[in-house]
Each structure stands twice: as structure tokens, then as C-alpha cells.
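Following: one structure in C-alpha cells, then a few remarks.
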Amino acid sequence: MSRILIFDPNEHDTNRLSLLTDKAQEVVRCRDRHALLKALSAQRPDVLVYVVQSLLDDLVLLSSLRAVAPTLPIIMIGGPTDLESRRSIQELRPTYYGVLPLEPSELRDAVRGALQRGSGRR
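Going by the working numbering, the letters in the sequence shown line up with residues 1389 to 1510, in that order.
So this is what it looks like as C-alpha cells:
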């Protein structure tokens, strides 16, 4: 069973969670950074879906995460960014960066691709 961890502080958006619901997947949703860190320490996910809220703060957290989990597939979702921000995001080596609003199947395809690439590394 694949474990997908979603960091999404937006309490009103359940669409992302419903797009990923699959019997072969455990989907864990975290609404704040404390819950995210707790979930990460409990069990490493197969994929992290991270909805960007504050780019500077999020980059600091994700850089730390990348240092301890260099091969973890990270899918980032956020708004359009400037060139400097894109360079900072690229340094994290995300598997995918989706710009809101996402097409309904875009996130599911990104997660499936990350899971397939991740299974090849094991």
C-alpha cells in the first residue's frame, strides 16, 4: 500500500484529498506544520504533496526535509512564481510543481508518476 502525505492548510479544499483516494493508497492529510512533522516522523510517506502557502517559510521547511530525505518524491502545488522563486524551488528537486488551479486529473497523474519512479528506486 502506498502512503501519500498531503500538507494542505486550506481547510475548505477537500478536492485534492478526493482526487487521491484509492484502495491501494493510504492518504494522510496534515493541516499545519506540526502535524506534518509528526506524520513524517511516524512513517516516511511514498510521496509528499505540499501545498505552498508562504514560499519563504515553505522553502526553509522543505530544504530541511530534503536534507534528511533526499529521495522522497515531493509534489509542490502553488501559485505562479517569479524566476528567482522558481530557481529556489528547483534546488529542492521536486518531482512536480503544479500551478493552481490544477486540472482535476493533473495531481493524480503527478502522484502516479512519482509512485512509479519511487518504486524503481527501492
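Glycine residues also receive a C-beta, built at the ideal position from the N, C-alpha and C atoms.
What you are looking at is a predicted structure, and each value in this text was computed from that prediction instead of being measured.
Practice item. Go ahead and pull the three-state DSSP assignment for S1390. Key: strand
Point to revise | Among T1483, D1420, L1490 and K1426, nearest to R1454 - alpha-carbon criterion | key: T1483
**Study point:** Residue of R1500, G1506 and P1397 minimising C-alpha distance to V1440
**Key:** P1397
Review point. Which residues in the same chain have their Cβ closer than 8 angstroms to the Cβ of Q1413, if we skip the five residues on either side of it in sequence?
Key: M1389, S1390, R1391 and I1392
Exercise for review: Kindly list the residues whose CB is nearer than 6 angstroms to the CB of L1450, restricted to its own chain and excluding five residues on each side of it in sequence; keep chain order.
Suggested key: L1480
Practice item. May I ask you to verify whether the region 1470-1478 touches the region 1486-1499, counting CB pairs closer than 8 angstroms and requiring at least 3? Key: Here the region 1470-1478 does not lie against the region 1486-1499, with fewer than 3 beta-carbon pairs under 8 angstroms apart.
Review point. What number of angstroms, rounded off, separates the C-alpha of G1501 from the C-alpha of I1462?
Key: 11 angstroms
**Study point:** Per DSSP, cross-strand counterpart(s) of V1415
**Key:** Checking the DSSP bridge columns, you'll see V1415 partnered with I1392.
Exercise for review: Using three-state DSSP, classify G1501 as helix, strand or coil.
Suggested key: helix
Practice item. Give the straight-line distance between the Cα atoms of S1429 and G1506, rounded to the nearest whole angstrom. Key: 19 angstroms
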